[in-house]
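Novice:
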Amino acid sequence: VTDEVVIETRHADVDAKGYRWKSDGQGTFTIEEIDKPTRGTTISFTLNEQSQEFSQSHRLGHIINKYSNFVDFPILLNGERANKVDALWHRNKSDIKQEELNEFYKFVANDFQDPVSHLHLSIEGAVNFKAIIFFPATAPGPYVRMDEEKSLQLYSHKVFIQDDAKELLPEYLRFVKGVVDTEDLPLNVSREVTQNSPAMSKIRSTIVNKILSHLEDMAKQDPGKFQTLYNNFGQFLKFGVNTDFSNRDRLVNLMRFESTTTEAGAFTTLKDYVTRMNSDQKEIYYVSGETRSILERNPNLEYFKKHDIEVLLLTDPADVFIVPSLNEYEKKPIKSIDNADIDVKKDDARSEEALNENLSKSLITVFKETLGDKVEDVMESHRLVDSPATLVIGKQGMDPQMEKMMKMMQKDFAGSKRILEINTSHPLIKNLSKLNMGSSTDALLRQSILQIYEGAALLEGTLKDPTEFVTRMTELMVEATK
Numbered sequence: 002v003t004d005e006v007v008i009e010t011r012h013a014d015v016d017a018k019g020y021r022w023k024s025d026g027q028g029t030f031t032i033e034e035i036d037k038p039t040r041g042t043t044i045s046f047t048l049n050e051q052s053q054e055f056s057q058s059h060r061l062g063h064i065i066n067k068y069s070n071f072v073d074f075p076i077l078l079n080g081e082r083a084n085k086v087d088a089l090w091h092r093n094k095s096d097i098k099q100e101e102l103n104e105f106y107k108f109v110a111n112d113f114q115d116p117v118s119h120l121h122l123s124i125e126g127a128v129n130f131k132a133i134i135f136f137p138a139t140a141p142g143p144y145v146r147m148d149e150e151k152s153l154q155l156y157s158h159k160v161f162i163q164d165d166a167k168e169l170l171p172e173y174l175r176f177v178k179g180v181v182d183t184e185d186l187p188l189n190v191s192r193e194v195t196q197n198s199p200a201m202s203k204i205r206s207t208i209v210n211k212i213l214s215h216l217e218d219m220a221k222q223d224p225g226k227f228q229t230l231y232n233n234f235g236q237f238l239k240f241g242v243n244t245d246f247s248n249r250d251r252l253v254n255l256m257r258f259e260s261t262t263t264e265a266g267a268f269t270t271l272k273d274y275v276t277r278m279n280s281d282q283k284e285i286y287y288v289s290g291e292t293r294s295i296l297e298r299n300p301n302l303e304y305f306k307k308h309d310i311e312v313l314l315l316t317d318p319a320d321v322f323i324v325p326s327l328n329e330y331e332k333k334p335i336k337s338i339d340n341a342d343i344d345v346k347k348d349d350a351r352s353e354e355a356l357n358e359n360l361s362k363s364l365i366t367v368f369k370e371t372l373g374d375k376v377e378d379v380m381e382s383h384r385l386v387d388s389p390a391t392l393v394i395g396k397q398g399m400d401p402q403m404e405k406m407m408k409m410m411q412k413d414f415a416g417s418k419r420i421l422e423i424n425t426s427h428p429l430i431k432n433l434s435k436l437n438m439g440s441s442t443d444a445l446l447r448q449s450i451l452q453i454y455e456g457a458a459l460l461e462g463t464l465k466d467p468t469e470f471v472t473r474m475t476e477l478m479v480e481a482t483k
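Those letters in the sequence shown? Residues 2 to 483, per our numbering, in order.
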């Protein structure tokens with residue numbers, strides 16, 4: 002910015018001398034004694050033609066606000082103090098008013114709302130730092146990526162170092178805002194140094210632990226406030242379950258789900274679910290879908306409703322990736338009720354109403370012949386109560402919601418075949434058995450089987466050709482109304 006820098010300085014001692022230091026930046030400098038009647042230091046230079054912008058007051062003010070807004074000594078610009086913001090993180094937390102915290106948050110986060118909560122840290126030990134961390138009231142816009150969100154500002158001795166210190170937090174906690182100030186980093190620290198600094202690593206570990214502890218305390222002491230925070234940033238925390246394995250258990254306990262025992266909009270935890278399990282229940286059950294209302298009409302839920310078994314209702318797309326990856330919780334397997342291999346006990350009372358074994362086997366054979374390679378298998382169901390049929394997932398199958406997302410990302414993604422389970426106690430299935438006894442090639446029988454299968458696929462959300470389904474439905478209605 003300049004071709005020459007001149008520094009004139011004098012110590013505060015009465016008999017001290019003044020000196021002038023001068024350099025052109027080419028590796029050499031001169032020092033000479035001067036007559037300087039007052040103590041202090043003056044740095045002067047002449048801006049070159051390419052750097053005239055730095056002579057403008059608003060440009061200088063911007064630089065001061067960015068890098069030296071919180072230093073203790075006053076910085077005057079045209080006779081007025083330019084650094085006016087107090088470094089709250091260096092004050093005793095008991096001396097700070099909530100109004101001051103709210104205003105400071107709005108300043109550092111560029112937000113207009115008050116934060117939901119905050120965390121004030123003053124750490125001394127293996128590493129020394131002070132911090133104020135805020136939890137915003139609302140999430141960023143739907144098109145903002147986590148890695149694009151600015152989170153924590155880094156300072157050293159109250160002097161600005163980085164606007165977005167990514168090394169201080171894992172990606173799943175980058176929704177928090179605030180400042181971290183440490184004396185364990187030099188003022189001229191580079192980004193490469195922060196990436197490989199042992200001090201930064203220790204600060205990161207401490208901050209993550211403190212944030213998770215704060216969230217755990219909030220969940221216990223103020224569930225309403227935590228739920229508000231979770232509604233906005235739960236997806237961030239869920240991302241951490243499969244990326245931060247050292248804190249996986251803590252993150253899992255922070256997760257919240259709707260279930261068949263909660264009201265719409267109310268949530269439960271896995272820990273609370275386990276405490277409510279029936280004495281003979283060995284597994285934790287869940288079902289995934291787009292909305293609660295759709296899930297509550299899922300045929301696979303009928304058995305669990307009848308036997309008063311709680312089922313988690315997963316409507317957040319992130320849950321489809323997170324919950325199955327847990328495998329178990331407190332040694333209880335976690336299973337989807339859409340799986341074929343769940344532990345469903347046979348209902349002896351309903352067995353008396355069902356088709357006998359021979360009729361059932363014969364009808365299932367016709368189902369298999371009619372559907373061919375559309376399904377992996379056809380079998381008698383013990384989970385259905387009111388519905389005639391349902392589709393379930395085989396051992397190598399994929400959750401229906403996950404399949405939908407895969408198909409959105411890969412147009413040629415085929416998905417897995419389903420197992421069709423039929424309710425041999427249902428009047429429709431019994432009527433089809435009568436048709437089968439008359440003729441296994443009966444057109445109405447075969448058309449009805451196709452319609453039952455595609456109806457189940459429609460409910461699951463995997464029906465490929467609704468046009469054919471509607472056409473066949475019309476034909477069957479014509480036949481039924483003759």
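Don't be surprised by glycine CBs; every beta carbon is placed ideally from N, CA and C.
These numbers come from a predicted model, not from an experiment.
Within the region 200-247, note down every full alpha helix (DSSP H) run reaching 4 residues or more, in order along the chain.
Specialist: Runs of the alpha helix (DSSP H) inside the region 200-247: 224-242.
Novice: Is DSSP giving Ala110 helix, strand or coil here?
Specialist: Helix, per DSSP.
Novice: Leaving aside the five residues before and after Val386 along the sequence, list all residues of the same chain whose C-beta is less than 6 Å from its C-beta, in chain order.
Specialist: So the list reads Glu303, Lys307, once near-sequence residues are dropped.
Novice: Helix or strand or just coil, what does DSSP make of Ala13?
Specialist: Coil, per DSSP.
Novice: On the criterion of 16 or more Cβ atoms from any shown chain inside 10 Å, does Arg60 qualify as buried, or is it exposed?
Specialist: With fewer than 16 other Cβ atoms within 10 Å, it is exposed.
Novice: Taking a contact to mean a Cβ-Cβ separation below 9 Å, would you say Val177 touches Leu153 in this structure?
Specialist: Yes, Cβ-Cβ distance for Val177 and Leu153 is below 9 Å.
Novice: Excluding the 5 residues preceding and the 5 following Thr316 in the sequence, name in chain order all residues of the same chain whose CB lies nearer than 8 Å to its CB.
Specialist: Only Glu259, Ser289, Gly290, Glu291, Thr292, Arg293, Leu296 meet the Cβ criterion.
Novice: Per the DSSP calculation, Asn514 is bridged to which residue(s)?
Specialist: This structure cannot speak to residue 514, because the chain is shown only from 2 to 483.
Novice: Given a cut-off of 9 Å on the beta-carbon distance, is the pair Phe136 and Val117 in contact?
Specialist: Against a cut-off of 9 Å, the Cβ pair of Val117 and Phe136 comes out as a contact.
Novice: Just to check my reading of the structure: Glu422 and Val376 have Cβ atoms closer than 8 Å, yes? What is that Cβ distance to the nearest angstrom?
Specialist: About 10 Å separates the two Cβ atoms, so there is no contact after all.
Novice: Assuming Lys131 is part of the beta strand (DSSP E), what are its boundary residues?
Specialist: Unbroken beta strand (DSSP E) run through Lys131: 130-136.
Novice: When you compare only the Cα positions, how much space is there between Glu9 and Asn49?
Specialist: Taking the straight line from one Cα to the other gives about 21 Å.
Novice: Given a cut-off of 9 Å on the beta-carbon distance, is the pair Glu100 and Thr47 in contact?
Specialist: Cβ atoms of Glu100 and Thr47: not closer than 9 Å.
Novice: Among Leu446, Asp342, Ser352, which one has its Cα closest to the Cα of Gln397?
Specialist: Residue Asp342 is the option with its Cα nearest to Gln397.
Novice: Buried or exposed for Gln402, going by 16 or more other Cβ atoms inside 10 Å?
Specialist: The residue is buried, with at least 16 neighbouring Cβ atoms inside 10 Å.
Novice: Could you tell me which residues DSSP pairs with Trp22 in its beta bridges?
Specialist: Per DSSP, Ile8, Ile32.
Novice: Run through DSSP, which three-state label would Val376 get?
Specialist: Reduced to three states, the DSSP call for Val376 is strand.
Novice: With H, G and I counted as helix, E and B as strand and the rest as coil, what does DSSP make of Leu385?
Specialist: Three-state DSSP puts Leu385 in coil, outside helix and strand.
Novice: So does the region 430-447 actually touch the region 344-362, counting three or more Cβ pairs closer than 8 Å?
Specialist: Yes: at least three Cβ pairs fall under 8 Å.
Novice: Once DSSP output is grouped into helix, strand and coil, what is the label at Gly47?
Specialist: Looking at the sequence shown, residue 47 is not Gly but Thr. Thr47: strand per DSSP, three-state reduction.
Novice: What are the boundary residues of the alpha helix (DSSP H) that includes Leu445?
Specialist: Looking at the DSSP string, the run of the alpha helix (DSSP H) that includes Leu445 is 444-461.
Novice: Could you spell out the range, first to last residue, of the alpha helix (DSSP H) harbouring Thr183?
Specialist: Element bounds for Thr183: not the alpha helix (DSSP H) but the beta strand (DSSP E), 178-183.
Novice: Per DSSP, Lys333 is paired with what?
Specialist: DSSP output for Lys333 lists Tyr330 as bridge partner(s).
Novice: Would you report the Cα separation of Tyr144 and Leu230, rounded to the nearest angstrom?
Specialist: Confidence at Tyr144 is low in this model, with a pLDDT of 47, below 50, so its placement is unreliable and the value that follows should be read with caution. Those two C-alpha atoms are separated by around 19 Å.
Novice: Checking the sheet assignment: what are the DSSP bridge partners for Leu170?
Specialist: Answer is none; Leu170 lacks a bridge partner.
Novice: Thinking C-beta only, is Pro325 closer than 9 Å to Ser337?
Specialist: Yes. Within cutoff.
Novice: So is Gln163 buried or exposed if we call it buried at 16+ other beta carbons inside 10 Å?
Specialist: That one is buried.
Novice: How would you write the range of the beta strand (DSSP E) that Ser52 sits in, first residue to last?
Specialist: Looking at the DSSP string, Ser52 is not in any beta strand (DSSP E), and its letter there is neither H nor E.
Novice: Mapping DSSP to helix, strand and coil, what is Phe368?
Specialist: Helix.
Novice: Assuming Val160 is part of the beta strand (DSSP E), what are its boundary residues?
Specialist: Taken as a continuous stretch (DSSP letters only), the beta strand (DSSP E) holding Val160 covers 160-163.
Novice: Taking 8 Å as the cut-off, is the C-beta of Arg257 nearer than that to any heavy atom in the ligand PLP?
Specialist: Summarising the ligand content, the structure contains no ligands, and the ligand PLP is consequently not present.
Novice: Between Asp14, Glu264, Lys23, Ala355, which lies nearest to Lys40 when the distance is taken from Cα to Cα?
Specialist: The question names Lys, but residue 40 is Arg in the sequence shown. If we check each option's Cα against that of Arg40, Asp14 comes out closest.
Novice: Which term fits Thr482, buried or exposed, when burial requires 16 or more other beta carbons within 10 angstroms of its beta carbon?
Specialist: Answer is exposed; the Cβ neighbour count stays below 16.
Novice: Among all the DSSP beta bridges, which residues are the ones paired with Glu259?
Specialist: Answer is Leu314, bridged to Glu259.
Novice: Closest to Ala267 by C-alpha separation, out of Ile97, Phe227, Val275, would be which residue?
Specialist: Looking at the Cα atoms, Phe227 is the closest of the given residues.
Novice: Under a three-way DSSP split, which group does Arg293 fall into?
Specialist: Helix.
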